[in-house]
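J.:
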Amino acid sequence: TVYDEGQEILHQNCIKGRYNIVLNNIIFDEYKSIVTSTAELIHPMFSNDKHYLMYTEGYQDTGETEVILHDLQSGESRIITTGDKEFGAIAQFNKAGDKVVYAFWTPDQQHPDIAVYDIATGLNEQLGLNTTECWRPVFWQNDTEILYIHQNENSGYFEVNSYSLESKEIRN
515 TVYDEGQEIL HQNCIKGRYN IVLNNIIFDE YKSIVTSTAE LIHPMFSNDK
565 HYLMYTEGYQ DTGETEVILH DLQSGESRII TTGDKEFGAI AQFNKAGDKV
615 VYAFWTPDQQ HPDIAVYDIA TGLNEQLGLN TTECWRPVFW QNDTEILYIH
665 QNENSGYFEV NSYSLESKEI RN
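Here the sequence shown is numbered in my numbering, starting from 515 and rising by one per residue.
(1) Could you give the DSSP three-state label for residue 594: helix, strand or coil?
(2) Looking only at its chain, what residues have a beta carbon closer than 7 Å to the beta carbon of residue 600, apart from the 5 residues adjacent to it on each side?
(3) Between residue 659 and the rest of its own chain, which residues show a CB-CB distance below 6 Å, the 5 nearest in sequence each way excluded?
(4) Using the C-alpha atoms, what's the distance from residue 553 back to residue 572?
(5) Check residue 563 in the structure and name its three-state DSSP category.
(6) Are three or more beta carbon pairs between the stretch 561 to 570 and the stretch 579 to 587 nearer than 8 Å?
(7) DSSP three-state call for residue 627: helix, strand or coil?
(8) Determine the DSSP secondary structure at residue 686, reduced to helix, strand or coil.
(9) For residue 595, does the count of other Cβ atoms within 10 angstroms reach 16, so buried, or fall short, so exposed?
(10) For residue 652 versus residue 631, is the C-beta spacing smaller than 8 Å?
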């Protein structure tokens with residue numbers, strides 16, 4: 515992901531078996547490691563004010579990944595996927611940087627669903643959209659709607675839907 519008007523690049527890498535989330539300048543002569551782990555680190559992004567870093571950590575091959583919210587000021591991290599066996603990935607901040615939307619699943623769930631996490635309260639709202647496979651949620655329309663892809667039951671192709679956080683309605 516590119517930040518600071520194209521002057522910085524936030525990305526992941528793996529060096530000698532250690533996964534890293536790093537920030538480089540655009541010509542790659544300055545390097546700052548932000549997070550390191552033996553587990554895979556993917557999908558990094560900053561909140562608009564760069565107060566938070568969010569990323570997915572875990573093992574993609576088994577589907578056991580969690581969404582991590584890292585406070586860059588305090589240095590503290592928290593797992594925002596809830597429950598002992600809930601997994602998640604591909605999270606996005608809203609414009610204000612106070613909410614996160616992500617795809618989540620459990621081992622007994624047939625399809626991934628979408629959840630919204632409130633950073634201030636720590637509460638998760640699971641939207642219950644998982645009649646078909648749902649992925650890649652993003653906030654839209656001044657953060658009042660969520661766009662996401664879902665798998666069409668008839669064709670098997672993925673389509674874009676919107677979900678209103680106010681009316682709780684789904685639109686294709």
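Ideal Cβ placement from N, Cα and C applies to all residues, glycine included.
T.: According to the data block:
(1) DSSP, reduced to helix, strand and coil, places residue 594 outside both helices and strands of the structure shown, so it counts as coil.
(2) Excluding residues within five positions, the ones whose Cβ falls inside 7 Å are 618, 620.
(3) The residues are 676, 678.
(4) The straight-line gap separating the alpha-carbon atoms of residue 572 and residue 553 is approximately 5 Å.
(5) In this structure, residue 563 counts as coil in the three-state DSSP scheme.
(6) As far as the Cβ criterion goes, the stretch 561 to 570 touches the stretch 579 to 587, which means the pair count is three or higher.
(7) In the three-state DSSP reduction, residue 627 falls in the strand class (E or B).
(8) Under the three-state reduction of DSSP, residue 686 is assigned to coil, being neither helix nor strand.
(9) So residue 595 ends up on the buried side.
(10) Cβ distance not < 8 Å, so residue 652 and residue 631 don't count as in contact.
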